[in-house]
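Asker: Encoded as structure tokens, here's the structure I'll be asking about.
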Amino acid sequence: MDTGSTAWMLASTALVCLMVPGLALFYGGMVAAKSVLNMIMMTFGSVALVGCIWVVYGYSASFGDSIGGAGLLGDVTEYFGLSGVMKDDPKAVIPLSVFAAFQALFAALTAALICGAISDRIKFGAWMAFTGIWVTLVYLPVAHWVFAFDGDDVVGGWIVNKLGAIDFAGGTAVHINSGAAALAMILVLGRRLGWQKEGGAEKPHNLPLVMLGAGLLWFGWFGFNGGSALTSSNAASVVVLNTFTATCSAMLGWLVVEKLRDGHATSLGAASGAIAGLVAITPSCGAVSPLGALLLGAIGGAVCAVAVGLKYRLGYDDSLDVVGIHLVGGITGTLLVGVLATSEAPNGVDGLLYGGGLGLLGKQAVGAFAVLAYSFGVTWLIAKALDKTMGLRVRPEVEEGGVDVHLHRESAYDLAHPPAAAPAPEPTAAG
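See below:
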């Protein structure tokens, strides 16, 4: 057992846990004041539910021995109830228990990302039901495909082992997966009332909150990506460096597009650009050089900025740009591994730009679009089934009045009782 690596994984798990309030604040600041608590509740609620599922059968389905050796799903009975993870394995570099906790947060955050696309209009109970079903039928199989490596007498997932695609920390399993699911949910749920009309869907109510959330996500992402090295090593150090570098250039890339397109650079654009860079570097952080990360981030930020604007032309109401940032950014970062990867980086593979040919790019494309197709198709079926049975959407009067008051019987701000005016100052001798 490597105590240094164990300490790094414990710290990384704590860093990733901080991404939960970071995401809640990032999303919460972007919605209207009458919906902020509902957005925070959907984020925390999905994390709580997925955490329970993970203990019972989630970890086993993701990292158990592949059923039939097909690489599609882990044996749900192998670690049922997380049995066996508390044993001290003398051959292991880190305890299995810290790895299980680390990956539990990956599953929880992936599900939570989806809720940003459907804000202001979904029932809280329906969201929780969707989360449980979606994680079971979509996330757990995809996590097995991407994260479960072959081992001694253990067969892992088909994307990482049979296909040989590179996804260091979850560009496919986390971002393409959640982004494709968000698109399916948007199409089933429909647009918000008054979207794209004057006086319709509200603008962000608290941009400082958005910036604070983005900063917390950036901080936590060092654990998200760096912890995926699973050791306290040079690989983790390179990954952390690349994560920081790509985020910086992505923010600038987004702001340049915003300035050229709209005539001004915004704080919302800066926050969104940072997240776009974090998404794009997630699959590639162990495959590229710092200069490659700089280029990848700039491309990711610019591409996502353009993609976000397309929702108005195509007519789909992606409330908080989950599709434009996570789906598009995840695809961009995954595909660019096939172009910008260098054998000098921890993954040790050359992409097209370094003489590696088209082979790696082809593998990356197969992995990315396989996850996209599976996630979109199954999510659409889940959403349709729930809509036909329990109903997904709140009533129009609930949407207009605000989901915080109607669904949770509380509001974030006491707008009905503003603070009393300060008393007038006493007159002085000078008048």
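Just add 680 to the spot in the sequence shown (first one is 1) and you have the working numbering.
All residues carry an ideal CB built from backbone N, CA and C; glycine is no exception.
These figures come from a predicted structure and were not determined experimentally.
(1) Return helix, strand or coil for Ile802, following the three-state DSSP convention.
(2) In the DSSP assignment, the alpha helix (DSSP H) including Leu887 goes from what residue to what residue?
(3) Along the chain, where does the alpha helix (DSSP H) that runs through Lys1117 open and close?
(4) Is the stretch 709-726 touching the stretch 916-927 in the sense that three or more CB pairs, one from each, lie closer than 8 Å?
(5) On the three-state DSSP scale, how would you describe Thr686?
(6) Count the other CB atoms, across all protein chains shown, that sit within 10 Å of the CB of Gln876; report buried if there are 16 or more and exposed otherwise.
(7) Would you be able to state if there are at least three C-beta pairs under 8 Å between the stretch 964-983 and the stretch 859-870?
(8) Buried or exposed for Tyr1093, going by 16 or more other Cβ atoms inside 10 Å?
(9) Determine the extent of the alpha helix (DSSP H) in which Cys732 is found, giving its start and end residues.
(10) Out of Val1046, Phe743, Leu873, Gly1028, state which residue places its alpha-carbon closest to the alpha-carbon of Leu1074.
(11) On the criterion of 16 or more Cβ atoms from any shown chain inside 10 Å, does Thr1014 qualify as buried, or is it exposed?
(12) For His944, count neighbouring C-beta atoms within 10 Å of its own C-beta (all shown protein chains included) and say buried if the count is 16 or more, exposed if not.
(13) Taking DSSP as the reference, what is the three-state secondary structure of Arg871?
(14) In angstroms, rounded to a whole number, what distance separates the CA positions of Thr686 and Ser1055?
(15) Under 9 Å, do Val1029 and Ile846 count as touching if we go by C-beta distance?
(16) Would you kindly report the start and end of the unbroken alpha helix (DSSP H) that includes Met931?
(17) Have a look at the DSSP bridge pairing and note the partners of Val834.
(18) Suppose the cutoff is 7 Å on Cβ atoms and the five residues either side in sequence are ignored; what does the same chain contact list for Gly744 look like?
(19) Write down the C-beta distance between Ile961 and Ala950 rounded to the nearest angstrom, noting that I regard them as a contact closer than 8 Å.
(20) Comparing alpha-carbon positions, which option in Gly1010, Ala792, Leu958 lies nearest Gly708?
(21) Can you look up Arg993 in the DSSP assignment and give me helix, strand or coil?
(22) Using only the alpha-carbon positions, how far apart do Ala691 and Gly903 sit?
(23) When you compare only the Cα positions, how much space is there between Gly731 and Leu785?
(24) For Met719 versus Phe779, is the C-beta distance shorter than 9 Å?
(25) Could you tell me the alpha carbon to alpha carbon distance between Tyr996 and Val988, rounded to whole angstroms?
(26) Here's a check: name, in chain order, each residue in its chain whose Cβ is nearer than 8 Å to the Cβ of Tyr992, leaving out the five neighbours to either side.
(27) I need the straight-line Cα distance from Leu1052 to Lys1064, nearest angstrom please.
(28) Whole-angstrom Cβ separation of Ala1048 and Thr811, contact assumed at under 8 Å?
(29) By the 10 Å Cβ neighbour count, where 16 or more other Cβ atoms means buried, how is Lys883 classified, buried or exposed?
(30) For the alpha helix (DSSP H) containing Gly844, name the first residue and the last one.
(31) Using the DSSP secondary-structure output, state which residues sit across from Arg1073 in a beta bridge.
Answerer: Taking the geometry as given:
(1) Position 122 of the sequence shown, counted from the start, is the residue given in the question as residue 802. Ile802 falls in the strand class under three-state DSSP.
(2) Within the sequence shown, the letter at position 207 stands for residue 887. Unbroken alpha helix (DSSP H) run through Leu887: 887-906.
(3) This structure leaves residue 1117 out entirely; the chain is present only between 681 and 1111.
(4) no
(5) Along the sequence shown, read from residue 1 onward, the residue named residue 686 stands at position 6. Correct three-state label for Thr686: helix.
(6) Looking up residue 876 in the sequence shown gives position 196. So Gln876 ends up on the exposed side.
(7) no
(8) On the sequence shown, position 413 is the one that residue 1093 refers to. Exposed, by the Cβ-count rule.
(9) On the sequence shown, residue 732 is found 52 positions in, with the first residue counted as 1. Residues 716-733.
(10) Sequence index remark: in the sequence shown, residue 1074 carries index 394 (1-based). Strictly speaking, residue 1074 in this sequence is Val, with Leu absent from that position. Of the candidates Val1046, Phe743, Leu873, Gly1028, the one whose C-alpha sits nearest the C-alpha of Val1074 is Leu873.
(11) Here residue 1014 is taken as the residue at index 334 of the sequence shown, counted from 1. It is buried - the Cβ of Thr1014 has at least 16 other Cβ atoms within 10 Å.
(12) Here the question's residue 944 lines up with position 264 in the sequence shown. With fewer than 16 other Cβ atoms within 10 Å, it is exposed.
(13) The residue given as residue 871 occupies position 191 in the sequence shown. Residue state, collapsed to three classes: coil.
(14) Position 6 of the sequence shown holds residue 686. Position 375 of the sequence shown holds residue 1055. Their backbone Cα atoms lie some 33 Å apart in a straight line.
(15) As a first step, residue 1029 must be located in the sequence shown, where it is residue number 349. As a first step, residue 846 must be located in the sequence shown, where it is residue number 166. A contact, by the Cβ cut-off of 9 Å.
(16) Working through the sequence shown from its first residue, we reach residue 931 at position 251. 914-942 is the extent of the alpha helix (DSSP H) around Met931.
(17) Mapped onto the sequence shown, residue 834 falls at position 154. Its beta-bridge partners are Gly831.
(18) To locate residue 744, count along the sequence shown from 1; it is residue 64. Correct list, in chain order: Gly754, Asp755, Val756, Glu758, Tyr759.
(19) For this step, residue 961 is matched to residue 281 along the sequence shown. For this step, residue 950 is matched to residue 270 along the sequence shown. Contact flag wrong, Cβ pair sits at about 17 Å.
(20) Translated into positions along the sequence shown, residue 708 becomes position 28. Here the closest residue by C-alpha is Ala792.
(21) In the sequence shown, the residue the question calls residue 993 occupies position 313. Helix, per DSSP.
(22) For this step, residue 691 is matched to residue 11 along the sequence shown. For this step, residue 903 is matched to residue 223 along the sequence shown. Approximately 7 Å between the Cα atoms of the pair.
(23) Here the question's residue 731 lines up with position 51 in the sequence shown. Here the question's residue 785 lines up with position 105 in the sequence shown. Their backbone Cα atoms lie some 8 Å apart in a straight line.
(24) Position 39 of the sequence shown, counted from the first residue, corresponds to residue 719. Position 99 of the sequence shown, counted from the first residue, corresponds to residue 779. Against a cut-off of 9 Å, the Cβ pair of Phe779 and Met719 comes out as no contact.
(25) For the purposes of this step, residue 996 is taken as the residue at position 316 of the sequence shown. For the purposes of this step, residue 988 is taken as the residue at position 308 of the sequence shown. Their backbone Cα atoms lie some 11 Å apart in a straight line.
(26) On the sequence shown, residue 992 is found 312 positions in, with the first residue counted as 1. Closer than 8 Å at Cβ, skipping near neighbours: Gln876.
(27) Translated into the one-based positions of the sequence shown, residue 1052 becomes position 372. Translated into the one-based positions of the sequence shown, residue 1064 becomes position 384. Distance between the alpha carbons of Leu1052 and Lys1064 is about 18 Å.
(28) Start at 1 with the first residue of the sequence shown, and residue 1048 comes out as number 368. Start at 1 with the first residue of the sequence shown, and residue 811 comes out as number 131. Contact flag wrong, Cβ pair sits at about 24 Å.
(29) The residue you call residue 883 lines up with position 203 of the sequence shown. That one is exposed.
(30) If you number the sequence shown from 1, residue 844 lands on position 164. Unbroken run through Gly844: none, as it is neither H nor E.
(31) Locating residue 1073 in the sequence shown gives position 393, counting from the first residue. According to DSSP, which records beta bridges pairwise, Arg1073 is partnered with Ile802.
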